[in-house]
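Novice: Next up is a structure, given as structure tokens.
There are 4 protein chains.
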Amino acid sequence: MDHDRSNADRGPGGIERRRRVPTGDEWATAITRTAPNEIEIRGYPVDELMGRLTFGETVYLLLRGELPTPAIGKLFGAVLVSSIDHGVTPPSTLAARNVATSGAPLRDSVSAGILAFGTYRGGDIENCMACLQEGLAIHRSGVSFEDTARQLLEKWKGHGPNPPGFGHRIHTRDPRAGRLLQLAHELELDGEHCRLLRVVERVINAMPGRTQHPLPLNIDGAIAAVCGDLGFDPDIGNGLFIIARVPGLLAHAIEERARHQALRRIDPKDAHYDGPARRRLPETRK
Amino acid sequence: MDHDRSNADRGPGGIERRRRVPTGDEWATAITRTAPNEIEIRGYPVDELMGRLTFGETVYLLLRGELPTPAIGKLFGAVLVSSIDHGVTPPSTLAARNVATSGAPLRDSVSAGILAFGTYRGGDIENCMACLQEGLAIHRSGVSFEDTARQLLEKWKGHGPNPPGFGHRIHTRDPRAGRLLQLAHELELDGEHCRLLRVVERVINAMPGRTQHPLPLNIDGAIAAVCGDLGFDPDIGNGLFIIARVPGLLAHAIEERARHQALRRIDPKDAHYDGPARRRLPETRK
Amino acid sequence: MDHDRSNADRGPGGIERRRRVPTGDEWATAITRTAPNEIEIRGYPVDELMGRLTFGETVYLLLRGELPTPAIGKLFGAVLVSSIDHGVTPPSTLAARNVATSGAPLRDSVSAGILAFGTYRGGDIENCMACLQEGLAIHRSGVSFEDTARQLLEKWKGHGPNPPGFGHRIHTRDPRAGRLLQLAHELELDGEHCRLLRVVERVINAMPGRTQHPLPLNIDGAIAAVCGDLGFDPDIGNGLFIIARVPGLLAHAIEERARHQALRRIDPKDAHYDGPARRRLPETRK
Amino acid sequence: MDHDRSNADRGPGGIERRRRVPTGDEWATAITRTAPNEIEIRGYPVDELMGRLTFGETVYLLLRGELPTPAIGKLFGAVLVSSIDHGVTPPSTLAARNVATSGAPLRDSVSAGILAFGTYRGGDIENCMACLQEGLAIHRSGVSFEDTARQLLEKWKGHGPNPPGFGHRIHTRDPRAGRLLQLAHELELDGEHCRLLRVVERVINAMPGRTQHPLPLNIDGAIAAVCGDLGFDPDIGNGLFIIARVPGLLAHAIEERARHQALRRIDPKDAHYDGPARRRLPETRK
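Residue numbers (our numbering), protein chains in the order written: chain A, 161 to 446; chain B, 161 to 446; chain C, 161 to 446; chain D, 161 to 446.
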């Protein structure tokens, strides 16, 4: 998979592009170039990235093809951090633990857990992104944010108990959602997607019956809005959740193997937490 | 899964620990505490981590249970960056692409790719970590690094063409390995594992026949040494590779769906790279 | 998971049913009862089934809850046999082989291969079953089979190059489809689904342009019609394909490990067949 | 993947073998030949097998390369039937159900469940086959079955609480094991592997302390012995378990989706059976 410098030309932004004339069966990839002693991630030598870009920034580069600004890197990192784990109760974590207790290697546990990021979970990011895109199309045709929100809510009726991006089994105020939107605002990266989402949140919770039972924005909704404003396509939404949650699945698989008996019966109702108590980041990290 | 503050006590380092008396079926987890409106990763509220720790630093916290120093965070991030992707030829990437071309969702592609991090690939990190640990035990009993290296090499004969951590299908000088060890040195985080590995490298390549055909240190070996000096157990080695490579699998699955025909026959020999040409990080990022 | 005989009563067909009063968290399963020294598959002791029902018949019992007649057992077995393998080119087989060449255990290979039974392959059975069901609803409202077929074909336009159940990458006359429908006919198990499918086949191929390029019925369409007439719900269609194809994936994973070099690059275009030449079943088996 | 008849020759048994001269990259497969309108499983046209071989017999053909005799077909079918399901408690079934409750397609559930056929479960067949092979090598060197059994038991000490093939979490007399060995005996297919296993069983249970607490032979041990006498290699053992159990995983995934709420918390301790009560095969099936 080497390439011929004589065919180089310059594409947009002055980026030199190597061209190779395709024959019948040839197919192309634009992600990573490997040759003896050379590995380039979207053109950047990987050894040059090591120690200079964070892992989150490199993930962004890999997926988008361009370096994130420091602000974008920070916000994108926060997106990943937000979803890194959610304890033992998600079906994905239980799938991973059940595979781990059978004695399988860690990768089997992680692989099984990923398969439980099904339609109802981890799929909300994509649905919400698609809805926000739809809403912005309506808005750009001249409809106010408020009326756009009402139109979207009307559409979503009957498609589930809650619109995508709202509600949660446990949280009445998802701490991750508020923090992500706040960070986007501080970094001046919140745009129309975030704005529309906020309006939808306001409109939903102004409806009759909602005063007693507010419907909170959840982290999938916040991620959807932030990623929309960062320019991601909706179909990548679930992918970001996978990247973020794999460390969590791994940690649970490792703990299952280390602390519990092989082939045990795992009842999530009997789980309790015995890890560190709540603690704060030292001042120097803030 | 709430907990009773009255049972709190203080463990090492003054960290308050919540205790709960286990009944018959109860089982414990020490990773993440979830309660209404609260999510704590090893005790730290996740919303507090968002925007303050990088994703790589949070992965470290999740796996080790404690915050990394900035230097450790930087080195650990470089470990993850080093393995983020390696183009279309690894069996894992081809497994992921074959699943993607069938029309399956992204998670199925990623899940399948992970399963190909088998014994021969991605398993090298663990093997190498275990070997280095074994070597350090020998060294601590009074044997010099040089003689320890020779003993290890003698043991590894017949266990494969190369000792774990050395050799590569493509690279004669793995750019990632040198960079990682250099960074560990700059950050003053290289210790006995790294030192032993360097001695093994020297001893191997001083052997007859190696002048023409040096046996390069590969990235798995470098990661093994660095993670050993960071205090990780060997069994976590493959897990780090999984976390690092999942974004790569995802990128390839996305590209497969976006650029190529569904249900196509994927011949890796016919792949070529048509992405950005080699480019350098701007000065401001270095 | 024992049960209390005193709560037994008799349900339809005189089958004794054990009842247990559910408490809050209780949930029920009706597939297999296990107790010390007892395993019952839909009520039948498994040791009684061994040697008396074939594996295919037991699969039917497991999925449908009742014993198949010998004729149904024969037809259902033929459904499974039809899809047991299709060589090295399907993406699922390549996914399995790529995992196998990485050194992973057989189950990882099989697991990865299954994930490539995606939307475009293995999903055709369900789509076709659903379409036939839709068509039969139309027919039962008074429309002739011929007009029903035309309505269905009109609906399917724009949903893909071929209607579900028709067309194949390789075969212009899928030998499995014809045989399955013939067997259903011989066993007098072909009903309205099969009849409608045959009419659709006739109508499609009477259309202009089809004389030169007939559109063959494929095995997914035949399986869909047969399973519809056997009373299966559409959502089980893909499940039958999984059961049938797992032995094929396993055989390929085993062969990959046994015959080929670890971590090899697998190019499907370079594969050729070197197994037994065509041979016939001995007369005694027919 | 066509082939050239002019290169045909005849191999052992008069079976015509097609030869193709391999070039550099070529690789071969001997399982299934596909060409336009032709699909041959180990040489037999698949449409010819449909309705004449059972699914279990076709699995045998696929894996072994030759047709089973009717007696072998019956015994092999019983091996598969024995392991088709074991209720909701195995970790594999719980992994499958957790994936199913997330809303994932059936194939994801089955795939996840397979990954939990780990070292401790489903791996016993292989271990036991390997041990029996080892024992038969000892026996063929002139040691009696009784002394061979004692040697094996001595070896297995410290390798786990029970020797492979013995013991069970639930059953004190595994009904499947006895039935399988009885069937092998009736069909005159039991050989040295079965004989050695029976001797091991006798020797174990004659040991002090075993009168009160007999150690039962389990189905994995019986399958191992039977498959050894059928000529299977040990490494295929786990593969047979996968083929057998996939229908069970599928049935549980289907039931989970059909009967229970999406994203529910699955506690195996709260499961009870509400399916058909114990019933007998009609006389005509025996």
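All C-beta atoms in this analysis are idealised placements derived from N, C-alpha and C, irrespective of residue type, glycine included.
1) Can you list the residues of chain D that P376 of chain A reaches, using a CB-CB cut of under 7 Å?
2) Going by DSSP, what residues sit across from L377 of chain B in a beta bridge?
3) Since T308 of chain B is in the alpha helix (DSSP H), which residue starts that stretch and which ends it?
4) List the endpoints of the continuous alpha helix (DSSP H) containing E156 of chain C.
5) With contact counted as at least three CB pairs below 8 Å, one residue from each stretch, are the region 249-265 of chain C and the region 335-354 of chain C in contact?
6) Please check the pair I244 of chain C and R405 of chain C, which I expect to be a contact at CB under 8 Å, by giving their CB distance rounded to whole angstroms.
7) How would you call T218 of chain D, buried or exposed, if buried means at least 16 neighbouring beta carbons within 10 angstroms?
8) Please list, in chain order, all residues of the same chain as G399 of chain A whose beta carbon is under 8 Å from its beta carbon, the five residues on each side excluded.
9) For the putative contact between L390 of chain D and L349 of chain D, defined by C-beta atoms under 8 Å, what is the C-beta separation to the nearest angstrom?
10) Is P335 of chain A a contact residue of the ligand MN, with contact defined as CB to any heavy atom under 7 Å?
11) Can you say whether R362 of chain C is buried or exposed, counting buried as having 16 or more other CB atoms within 10 angstroms of its CB?
12) Among all the DSSP beta bridges, which residues are the ones paired with H432 of chain D?
13) For a cutoff of 8 Å on Cβ pairs, would you count Q372 of chain B as touching chain C?
14) Among D:G388, D:E200, D:G327, D:V248, which one has its Cα closest to the Cα of D334 of chain C?
15) Can you grab the Cα-Cα spacing for the pair V239 of chain B / D207 of chain A, in whole Å?
16) Establish whether the CB of D307 of chain D and some CB of chain B are separated by less than 8 Å.
17) Can you tell me the Cα-Cα spacing of A192 of chain C and R370 of chain C, whole angstroms?
18) Quick check on P374 of chain A: buried or exposed, where buried means 16 or more other Cβ atoms within 10 Å of its Cβ?
19) Determine the direct distance from the alpha carbon of A418 of chain D to that of T426 of chain D, and round the result to whole angstroms.
20) Using the beta-carbon count (16 or more within 10 Å), is H328 of chain A buried or exposed?
21) If you drop the 5 nearest sequence neighbours on each side, which residues of the same chain put their C-beta closer than 7 Å to that of V270 of chain B?
22) Just to confirm before moving on: does the CB-CB distance between F215 of chain C and G237 of chain D stay below 8 Å?
23) Mind checking the region 327-346 of chain D against chain A and listing, in chain order, the residues whose C-beta falls within less than 8 Å of any C-beta there?
24) Residues bridged to L213 of chain A by DSSP?
25) Can you tell me the Cα-Cα spacing of A276 of chain B and A290 of chain C, whole angstroms?
26) Can you give me the Cβ contacts of A422 of chain B inside the same chain, cut-off strictly under 7 Å, excluding the 5 residues immediately before and after it?
27) At the 8 Å Cβ level, is D268 of chain C part of the contact set with chain A, yes or no?
28) For the alpha helix (DSSP H) holding I232 of chain A, just list the boundary residues, first then last.
29) Quick one: what does DSSP say I426 of chain D is sitting in, helix, strand or coil?
30) Opposite R445 of chain D in the DSSP bridges: which residues?
31) Inspect the beta-carbon positions of V292 of chain D and F326 of chain D and report whether they are closer than 8 Å.
32) Based on the DSSP secondary-structure assignment, which residues constitute the bridge partners of I199 of chain D?
33) Taking R438 of chain C and I402 of chain D to be in contact with their CB atoms under 8 Å, please state how far apart those CB atoms are, rounded to whole angstroms.
34) So, for T332 of chain B: in the same chain, excluding its five sequence neighbours on each side, which residues have a beta-carbon less than 8 Å away from its beta-carbon?
35) Round the Cβ separation of K446 of chain A and R212 of chain B to the nearest angstrom and send it over; I've been treating them as touching at under 8 Å.
36) Judging by CA-CA distance, which residue of D:Y204, D:R202, D:G247 is the nearest neighbour of E415 of chain D?
Specialist: On the basis of the supplied data:
1) The premise fails here: P376 of chain A is roughly 17 Å from chain D at the closest Cβ pair, so nothing lies under 7 Å.
2) B:F326
3) 305-316
4) Residue coverage of chain C in this structure runs from 161 to 446, which leaves residue 156 of chain C outside it and unanswerable.
5) no
6) 7 Å
7) buried
8) L223
9) 7 Å
10) The ligand MN is not part of the structure shown, which contains no ligands of any sort.
11) exposed
12) C:A188
13) no
14) D:E200
15) 10 Å
16) no
17) As written in the sequence, residue 192 of chain C is Thr, which differs from the Ala given in the question. Those two C-alpha atoms are separated by around 50 Å.
18) exposed
19) It should be noted that the sequence gives Ile, not Thr, for residue 426 of chain D. Spanning the two alpha carbons is a distance of roughly 15 Å.
20) buried
21) A256, V406, L409, L410, A413
22) yes
23) R329
24) A:M210
25) 35 Å
26) T261, G263
27) yes
28) 230-242
29) coil
30) None, per the DSSP bridge assignment.
31) Rather than Val, the amino acid found at residue 292 of chain D in this sequence is Leu. Cβ atoms of L292 of chain D and F326 of chain D: not closer than 8 Å.
32) D:T194
33) Between I402 of chain D and R438 of chain C the Cβ distance is about 29 Å, and since that is not below 8 Å, they are no contact.
34) P374, P376
35) 6 Å
36) D:G247
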